[in-house]
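I have placed the structure first, in the form of structure tokens, so that the comments after it can refer back to it.
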Amino acid sequence: MKRKIKLGMSPCPNDTFMFYHLLHHSEFSQKYDLELNVLDIQELNELLKQGEVDFCKASFGMIPKVMGDYLVLNSGAALGHACGPILISANKNLSKADLLKSKILVPGFDTSAYSLLKAYLGDTFQAEECLFSEIMPALQRGEADAGLIIHESRFTYQDFGLHSLVDLGDWWEAEYSLPIPLGAISAKRALGDELIKEFNQALKESIQWAFANDWKTNAEFSEFICSYAKEISPDVLDSHIDLYVNQESVSLSCQAQKAIERMFSILKGRDIQSAEFLVQ
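Take 5 as the starting number for the sequence shown in my numbering and just add one per residue.
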């Protein structure tokens, strides 16, 4: 009987793009019984918190809270430049002082987006959790003053008559001169080094395969991505993949590791080195 491996990924195009080959055509998928959970990022963070999964996409805002039980894989990260969350509103004239008195919708209190917002505004603002795909419609209906958007929403918020107040990715890069850490694939430490490294290699090869194959012209690959996507425009999907999947997704650079160390140190309140959390 094959060993069961519990996986978690989001429905976002960057994850489906990276995981497609691993799930359908890899030696790893033939060797193990893969149980896949496709959930919103905050729901994935909850699975991680409960220790329910072996390998799981998670926010960099969440991983420090479970660092004793989970590692960060060297492959599969969403981290780069000009790809951060954006604070938006129907009122383009909201100032930073106004935001401190505003109701802000956020995609989850464990998300990297929320961690970046706290780093920018401090702790004295009113935030309310909201499914990321519902933030723009809620703002359009006037249910909050501002919202923090992630994923493909950054390409479509203007269609809702909304305005960008601050790009927190741009702010992070200006503040620290480091790439923006958003999410990564975490691995349960109890699995052991051999299995963790085997999965990391399979994911790395899956991402390299995806880069070498045009998803738009491969019917099975395209159907897999589109079946989970919140937005179905090929241009939006392509822009999303191009923005969030890059060479840092294949293998984390030294600068990327420094960025994650910085984020974790801010969240934990102490200096953290990559040896504490990264698959070596």
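C-beta: ideal position from N, C-alpha, C; glycine also.
Bear in mind that the values here come from a model prediction, so they are computed numbers and not experimental data.
Cβ neighbour criterion (16 or more within 10 Å) applied to residue i
i	result
I236	exposed
C258	exposed
P141	exposed
G273	exposed
D171	buried
A131	buried
S30	buried
G65	buried
S253	buried
S14	buried
D218	exposed
S210	buried
K208	buried
T221	exposed
A216	exposed
A178	exposed
Neighbourhood of residue i by C-beta distance below 8 angstroms, restricted to the same chain and skipping five residues each side
i	result
E224	H28
D73	G55, K192, R193 and A194
Q261	S278 and L282
K6	K35, Y36 and D37
G146	A94
D174	A86 and G88
D242	K220
CB contact flag (residue i, residue j, <8 angstroms)
i	j	result
L75	S190	yes
L1	L143	Missing from the structure shown is residue 1; the chain here goes from 5 to 284 and no further.
S79	S278	no
L135	G88	no
A101	I270	no
P111	Q46	yes
K185	I276	Just to set this straight, residue 185 is Pro in the shown sequence, not Lys. Contact flag unset, no.
P238	H85	no
A117	A188	no
Y161	T20	no
N204	L77	yes
M71	E280	yes
F159	V240	yes
A206	L26	yes
C16	H167	no
K234	S137	yes
Neighbourhood of residue i by C-beta, 6 angstroms cutoff - its chain only, sequence neighbours within 5 removed
i	result
S24	For the sequence presented, residue 24 should be read as Tyr rather than Ser. Once the five neighbours on either side are set aside, the close Cβ partners of Y24 are F225 and F228.
M267	F64 and P185
F68	Per the sequence shown, the amino acid found at residue 68 is Pro instead of Phe. Same-chain partners within the cutoff: F268, L271 and K272.
Own chain partners of residue i with C-beta closer than 7 angstroms, once the 5 adjacent residues on each side are dropped
i	result
A150	L91, I92, S93, L98, L103, S106, I108 and L169
C230	I236
N18	A82, H244, I245, Y248 and V249
G165	A94 and Q144
F113	E133
Y180	R266
K96	H167
A214	F21, M22, Y24 and H25
For residue i, the residue or residues it bridges with in DSSP
i	result
C60	G12 and S190
N222	In the DSSP output, where bridge partners are listed per residue, N222 has none listed.
Q130	K107
S168	I92
N250	Partner(s): none; N250 has no beta bridge.
P185	L83
I153	I90
V76	S190 and L282
D37	K8
V70	In the DSSP output, where bridge partners are listed per residue, V70 has none listed.
V240	Looking at the DSSP assignment, V240 forms no beta bridge with any residue, so it has no partner.
Closer than 8 angstroms to chain C by CB, residue i
i	result
A214	Included in the structure is just one protein chain, with no chain C present.
Practice problem: Spell out a yes or no on whether the region 235 to 251 and the region 51 to 71 are touching, meaning 3 or more CB-CB pairs, one atom from each, closer than 8 angstroms. | Solution: Taking one beta carbon from each stretch, the region 235 to 251 and the region 51 to 71 have fewer than 3 pairs nearer than 8 angstroms; the two do not touch.
Exercise. Report yes or no: do three or more beta-carbon pairs, one from the region 36 to 55 and one from the region 10 to 22, lie closer than 8 angstroms?
Key: Contact annotation: the region 36 to 55 touches the region 10 to 22, with at least three C-beta pairs closer than 8 angstroms.
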